[in-house]
């Protein structure tokens with residue numbers, strides 16, 4: 010339920026000692042659940058504002074709004090998730106982990122929360138621990154995007170050197186989401202490592218059809234073409250790589 014600026018001001022008042030005056034008479038009792046609902050709504054509003062400011066690159070203002078959200082409701086999961094993204098973006102990794110972990114604790118069976126923490130752990134090289142959270146994410150029957158967790162899990166298995174497991178997971182991800190860029194690139198890398206260069210090329214071409222090629226993908230393309238004996242194709246990838 011969306012509220013006006015007046016309603017948000019009411020939520021602030023409800024957090025003070027004087028719990029009257031926002032549309033309630035001085036003699037009317039204020040129910041605890043009403044206060045909690047007001048504070049959660051205020052947290053939601055500040056979280057949405059924080060996310061918008063973060064998308065606009067206004068990091069300090071975003072942080073202010075997100076901290077305010079957590080003051081209203083320390084258990085508001087979305088606030089923990091967005092502030093974790095913010096801290097990760099400014100390379101404050103201890104703070105980022107604190108909030109990714111807290112979000113997963115608050116929703117221990119939540120697909121998105123466990124996937125987010127797993128992705129973060131993998132980025133820190135904590136591969137085995139990351140897989141535990143990907144498994145939790147995939148166990149959530151209400152998770153809307155299981156292919157995302159599969160893609161992240163597969164990519165993480167690749168980084169851990171578990172090539173066969175990575176291939177299996179990435180193919181499962183692509184069965185659900187054929188245009189998943191992360192899965193397409195990672196599967197291409199797996200197949201290159203296995204010496205299946207034509208298949209690696211096919212998946213990299215599918216990747217380039219849905220995403221902008223980053224340096225790692227261009228380097229992979231160059232190496233694939235070299236292994237296939239296509240000097241012209243390798244040279245084109247080198248040219249594009251130098252242009253990035």
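In our numbering, the protein residues as written are 10 to 253.
Just so it is clear, CB atoms sit at the ideal spot from N, CA and C, and this is done for glycine as well.
In this text, all values refer to a predicted model and were calculated from it rather than measured experimentally.
Original post:
Rounded to a whole number of angstroms, what is the C-alpha to C-alpha distance between residue 252 and residue 194?
Top reply: 20 angstroms
Original post:
Should residue 207 be labelled buried (16 or more other beta-carbon atoms within 10 Å of its own) or exposed?
Top reply: exposed
Subject >> Coarse secondary structure for residue 70, derived from DSSP in three states >> reply: helix
Original post:
Which word fits residue 241, buried or exposed, when buried means at least 16 other C-beta atoms lie within 10 angstroms of its C-beta?
Top reply: exposed
Original post:
Cβ of residue 126 within 8 angstroms of Cβ of residue 113?
Top reply: yes
Original post:
Counting Cβ pairs, one atom from each stretch, are 3 or more of them under 8 angstroms apart for the stretch 78-89 and the stretch 97-106?
Top reply: no
Original post:
Hey, how far is the Cα of residue 231 from the Cα of residue 144?
Top reply: 34 angstroms
Original post:
Relative to the alpha-carbon of residue 128, which residue among 118, 163 and 116 has its alpha-carbon at the smallest distance?
Top reply: 163
Original post:
Around the C-beta of residue 184, are 16 or more other C-beta atoms found within 10 angstroms, so that it is buried, or is it exposed?
Top reply: exposed
Subject >> Simplified DSSP state of residue 59, which is helix, strand or coil >> reply: helix
Original post:
If you check the beta carbons only, do residue 75 and residue 92 fall under 8 angstroms apart?
Top reply: yes
Subject >> Alpha carbon of residue 30 to alpha carbon of residue 46, nearest angstrom >> reply: At residue 30 the pLDDT is 31, less than 50, meaning the model places this residue with poor confidence and gives no usable figure here.
Original post:
Going by the beta-carbon positions, is the gap between residue 250 and residue 213 smaller than 8 angstroms?
Top reply: no
Original post:
Applying the criterion that 16 or more other CB atoms from any shown protein chain within 10 Å of the CB defines a buried residue, is residue 36 buried or exposed?
Top reply: Because residue 36 sits at a pLDDT of 47, beneath the cut-off of 50, its placement in the model cannot be relied upon, and the following sentence gives the value as read from the coordinates. Looking at its Cβ environment, which holds fewer than 16 other Cβ atoms inside 10 Å, residue 36 is exposed.
Original post:
Where does residue 44 sit, in a helix, a strand or coil, going by DSSP?
Top reply: helix
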